[in-house]
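Engineer: Under the working numbering, the letters of the sequence shown match residues 19 to 499, in that order.
Every residue, glycine too, gets a C-beta built ideally from N, C-alpha and C.
Just so it is clear, the structure is predicted and the values come from calculations on it, not from any experiment.
One structure coming up, written as structure tokens, with questions to follow.
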Amino acid sequence: MNYGIIIKVLGSLLLIESVAFIPPLLISLVYGEKSFLAFIYSILILIVLGFPMSRVNILSKRVKAKDALLIVSLGWVFVSFFGSLPYVFSGSIPSLVDAFFETVSGFTTTGSSILGDIEILPKGILFWRSFTIWLGGMGILALTLAIFPAIGVGGYQIFKAETTGPIAEKIVPRIKDTAKILYVIYAGLTIIQVVLLWAGGMTFFESLIHTFSTVGTGGFSSRNTSIGAYNNSFIVYVISIFMILCGINFSLFYDLLKGRWKNVLMNSELRLYLGVITVSTLLITFNLYGKVYNSIFETFKHALFQVSSIITTTGFTTVDFNKWPEFSKSILFLLMFVGGCAGSTGGGIKVIRLLIMGKVVKKEILKLLHPKAFVPIKINDKVLSLDTIISVSSFFFLYMVIFIISTVFISLEGVDLLSSASAVATTLGNIGPGFELVGPTQNFGFFSTPSKILFSLLMLLGRLELYTFFLFFVPDFWKNN
């Protein structure tokens, strides 16, 4: 284990987070809020800790697989813990456990909250709350690789450990260039949406807040009733479109820029992703029309928005879908287990894994008919390795085991089954709102401290896709072999 490079990268990460505190600090000063002191205190603490860590002498800049896994895991815990300090110092969230929950929810782009009244928060804190989603959306360690080329030597292992989905692919040969390309695309989408929301009637500040939460697929709003507070169809459709766009593998945007249209149009995961959105939206539209809404256009608007919000794990709401018919709620609940595409800012199991498992089932059926036939499993004309198929299968098994055990644990609080199950599903899948007691108009504030800690762990597990944390309990992980 190369502890020198681990300490150096983590120190650099803390320094990056201290810089990230500057925009909300300036917002606090502009609005004349006392919360600016909370950011100053937090910046000083991060500099005192991060600077000496980043200056540690190292013998090798090579980052091995085990080093990367430890960096990624500790990195997310570190940024979440220190990112919670402004909440505590400002008094916005006095409890450290609650503040940690809120910060983890932001950085993992979950969007679940313990807050009842969001609109009383200082502007600087509101900005930081949504900014954590933007930072966490692409992965704050990918940002480290993009900004610090010296640390990027051997950095593919960090990129691979943090990338969502069963396969991590570089867009270009050099990993730091891949990280930069991804962030240029990310920033481009951010700028375009800010302009559109601002033109659609939001203030510039609100446009920033909701854009950060959209492109990061996190769903934190500055309004208690989320997007429904604006009662603006243009805003609803803009956010719907950008939620869908940010649930797509970002490498496909690069293909578009390079004119590789065929790669995009023939991408199996993208086609399934858009197909699920289309079918789910139409089914919910037909179920709601005439029962909840009398206008077909109004029905379609809310159906599209909520389907896009749930499948991309964003978590914005325009209405209280808790009051929808059971059929529509069932579809939304199932979408919690789908998620966005691999390589997107969306969470969940990921569409690519569902696609692979579907092909595995198809293969087994064909093998019953033709026992001696060789049936390769292909994705985009590439034959998948047996290791990838086993990895996806084991991921499904582990995901469901964690979901079931956690649901049983949460039910010990006397919470009904749907509330318990959806609370676990929405935190493990990094989605945001659930159903019943954790529905769109509710929050997680009533849960006990142990449950909030469990939810925080589930959010981190979901963002890091399960395996990373479990490696810490394997003795071989700590051996220098």
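From Leu479 to Glu35, what does the alpha carbon distance come to, in whole angstroms?
Structural biologist: Working through the sequence shown from its first residue, we reach residue 479 at position 461. Working through the sequence shown from its first residue, we reach residue 35 at position 17. Each residue's Cα considered, the two are about 21 Å apart.
Engineer: Within a Cβ cutoff of 7 Å, which residues of the same chain sit near Leu28, ignoring the five residues on either side of it in sequence?
Structural biologist: Indexing the sequence shown from 1 puts residue 28 at position 10. Met71, Ile89, Leu92, Gly93 and Phe96, listed in sequence order.
Engineer: Have a look at Lys26 and Ile210 and give me their C-alpha separation to the nearest angstrom.
Structural biologist: The sequence position of residue 26 within the sequence shown is 8, counting from 1. The sequence position of residue 210 within the sequence shown is 192, counting from 1. The alpha-carbon atoms of Lys26 and Ile210 are separated by roughly 35 Å.
Engineer: Give the list of continuous alpha helix (DSSP H) stretches no shorter than 4 residues that lie fully inside the stretch 263-302.
Structural biologist: 268-275 and 279-283
Engineer: Closest to Phe427 by C-alpha separation, out of Ser123, Val401, Ile471 and Phe414, would be which residue?
Structural biologist: For this step, residue 427 is matched to residue 409 along the sequence shown. It is Ile471 whose Cα lies nearest to the Cα of Phe427.
Engineer: Grab the span of the alpha helix (DSSP H) containing Phe56 for me, first residue to last.
Structural biologist: In the sequence shown, the residue the question calls residue 56 occupies position 38. Per the sequence presented here, residue 56 reads as Ala, with Phe not at that position. Boundaries of the alpha helix (DSSP H) harbouring Ala56: Phe54 to Ser72, taken from the DSSP string.
Engineer: Pairs of beta-carbons, one from the stretch 305-324 and one from the stretch 415-424, closer than 8 Å: are there three or more?
Structural biologist: Fewer than three pairs of CB atoms, one per stretch, sit closer than 8 Å, so the stretch 305-324 makes no contact with the stretch 415-424.
Engineer: Which word fits Pro112, buried or exposed, when buried means at least 16 other C-beta atoms lie within 10 angstroms of its C-beta?
Structural biologist: Walking along the sequence shown from the start, residue 112 turns up at place 94. Pro112 should be labelled exposed.
Engineer: So does the stretch 232-252 actually touch the stretch 138-158, counting three or more Cβ pairs closer than 8 Å?
Structural biologist: yes
Engineer: Hey, quick one: how far does the alpha helix (DSSP H) through Ala527 stretch, first residue to last?
Structural biologist: Residue 527 lies beyond the stretch modelled for the chain, which goes from 19 to 499, so this question has no answer here.
Engineer: Nearest CA to the CA of Ile328: which residue from Pro41, Tyr248, Ser403 and Thr128?
Structural biologist: Within the sequence shown, residue 328 is the residue found at index 310, counting from 1. The shortest Cα separation from Ile328 among Pro41, Tyr248, Ser403 and Thr128 belongs to Thr128.
Engineer: Under 8 Å by Cβ, that's how I've got Phe490 and Ser362 pegged, so tell me the actual separation to the nearest angstrom.
Structural biologist: Reading the sequence shown from its first residue, position 472 is the one you call residue 490. Reading the sequence shown from its first residue, position 344 is the one you call residue 362. Contact flag wrong, Cβ pair sits at about 27 Å.
Engineer: To the nearest whole angstrom, what separates the beta carbons of Gly366 and Gly376, a pair I think is in contact under 8 Å?
Structural biologist: Within the sequence shown, residue 366 is the residue found at index 348, counting from 1. Within the sequence shown, residue 376 is the residue found at index 358, counting from 1. In this structure Gly366 is not in contact with Gly376, their Cβ atoms being roughly 16 Å apart against a cut-off of 8 Å.
Engineer: Report the option in Glu287, Phe223, Phe415 and Ser438 whose CA atom is closest to the CA atom of Asn461.
Structural biologist: The residue you call residue 461 lines up with position 443 of the sequence shown. Answer by Cα proximity: Ser438.
Engineer: Use the C-beta contact count for Gly183: other C-beta atoms within 10 angstroms, 16 or more gives buried, fewer gives exposed.
Structural biologist: As a position in the sequence shown, residue 183 is number 165, starting the count at 1. Note that Gly183 scores a pLDDT of 48, beneath 50, so its modelled location is shaky; the value from the coordinates is reported in the next line. It counts as buried.
Engineer: Can you tell me where the alpha helix (DSSP H) holding Ala38 begins and where it ends?
Structural biologist: Indexing the sequence shown from 1 puts residue 38 at position 20. From DSSP, the alpha helix (DSSP H) with Ala38 extends over Tyr21 to Ala38.
Engineer: Do Ile143 and Ser110 have their beta-carbon atoms positioned less than 7 Å apart in this structure?
Structural biologist: Your numbering for residue 110 matches position 92 in the sequence shown. Your numbering for residue 143 matches position 125 in the sequence shown. Against a cut-off of 7 Å, the Cβ pair of Ile143 and Ser110 comes out as a contact.
Engineer: Looking only at DSSP bridge pairs, what is Tyr311 linked to?
Structural biologist: Numbered from 1 along the sequence shown, position 293 holds the residue referred to as residue 311. The partner list for Tyr311 (beta bridge, DSSP) reads Tyr307.
Engineer: I'd like the list of long-range same chain contacts for Trp279, defined as Cβ closer than 8 Å, with 5 residues on each side in sequence excluded.
Structural biologist: Numbered from its first residue, the sequence shown carries residue 279 at position 261. Correct list, in chain order: Asp273.
Engineer: Which one or two residues does DSSP pair with Lys198 in a beta bridge?
Structural biologist: Taking the first residue of the sequence shown as 1, we reach residue 198 at position 180. Answer is none; Lys198 lacks a bridge partner.
Engineer: Using a Cβ-Cβ cutoff of less than 7 Å, which residues in the same chain neighbour Pro41 once the five nearest sequence positions on both sides are dropped?
Structural biologist: Translated into the one-based positions of the sequence shown, residue 41 becomes position 23. The answer, listed in chain order, is Phe145 and Phe149.
Engineer: Taking the beta carbon of Tyr21 as the centre, do at least 16 other beta carbons fall within 10 Å, making it buried, or is it exposed?
Structural biologist: One-based indexing of the sequence shown puts residue 21 at position 3. By the 10 Å Cβ count, Tyr21 comes out exposed.
Engineer: How is Ile397 classed by DSSP in three states: helix, strand or coil?
Structural biologist: Translated into positions along the sequence shown, residue 397 becomes position 379. Here Ile397 sits in strand by DSSP.
Engineer: On the three-pair Cβ rule with 8 Å, is the stretch 116-130 touching the stretch 439-450?
Structural biologist: yes
Engineer: Where does Pro458 fall in DSSP's three states?
Structural biologist: One-based indexing of the sequence shown puts residue 458 at position 440. In the structure shown, Pro458 adopts coil according to DSSP, grouped into three states.
Engineer: Measuring from the CB of Arg289, is there a heavy atom of the ligand ZN at a distance below 6 Å?
Structural biologist: By its list of ligands, the structure shown contains no ligand whatsoever, and the ligand ZN lies outside what it can speak to.
Engineer: Skipping 5 residues on each side, what residues in its chain have a beta carbon closer than 6 Å to that of Ala117?
Structural biologist: Along the sequence shown, one-based indexing puts residue 117 at 99. Excluding sequence neighbours, Ala117 sits near Ser102, Tyr105, Val106 and Ile111.
Engineer: Is it the case that the stretch 374-390 contacts the stretch 332-352, given that we only count it when at least three CB pairs across the two stretches are under 8 Å?
Structural biologist: no
Engineer: How many angstroms separate the CA atom of Met19 from the CA atom of Lys82?
Structural biologist: If you number the sequence shown from 1, residue 19 lands on position 1. If you number the sequence shown from 1, residue 82 lands on position 64. Those two C-alpha atoms are separated by around 8 Å.
Engineer: Ignore the nearest five residues each way along the sequence and tell me which others in Ile302's own chain have a CB closer than 7 Å to its CB.
Structural biologist: Along the sequence shown, read from residue 1 onward, the residue named residue 302 stands at position 284. For Ile302, where only same-chain residues beyond five positions count, the Cβ hits under 7 Å are Ala321, Val325, Ser346 and Ile349.
Engineer: In whole angstroms, what separates the C-alpha of Leu535 from that of Phe39?
Structural biologist: Outside the modelled stretch of the chain, which goes from 19 to 499, sits residue 535, for which no answer is possible.
Engineer: What is the DSSP secondary structure of Thr243, counted as helix, strand or coil?
Structural biologist: In the sequence shown, counting from the first residue as 1, residue 243 sits at position 225. Collapsing the DSSP output to three states places Thr243 in coil.
Engineer: Which residue comes first and which comes last in the alpha helix (DSSP H) that contains His228?
Structural biologist: Working through the sequence shown from its first residue, we reach residue 228 at position 210. Run containing His228: Phe222 to Val233, per the alpha helix (DSSP H) assignment.
Engineer: Just confirm the distance between the C-beta atoms of Gly457 and Leu133, as a whole number of angstroms; I'd bet it's less than 8 Å.
Structural biologist: Residue numbering aside, residue 457 sits at position 439 when the sequence shown is read from its first letter. Residue numbering aside, residue 133 sits at position 115 when the sequence shown is read from its first letter. The Cβ separation is near 15 Å, so there is no contact.
Engineer: Quick test of the definition: if touching needs 3 or more C-beta pairs under 8 Å, does the stretch 213-222 touch the stretch 249-256?
Structural biologist: yes
Engineer: In whole angstroms, what is the alpha-carbon distance linking Lys497 and Leu87?
Structural biologist: What you label residue 497 is simply residue 479 of the sequence shown in a count that begins at 1. What you label residue 87 is simply residue 69 of the sequence shown in a count that begins at 1. Using only the alpha carbons, I get a separation of about 14 Å.
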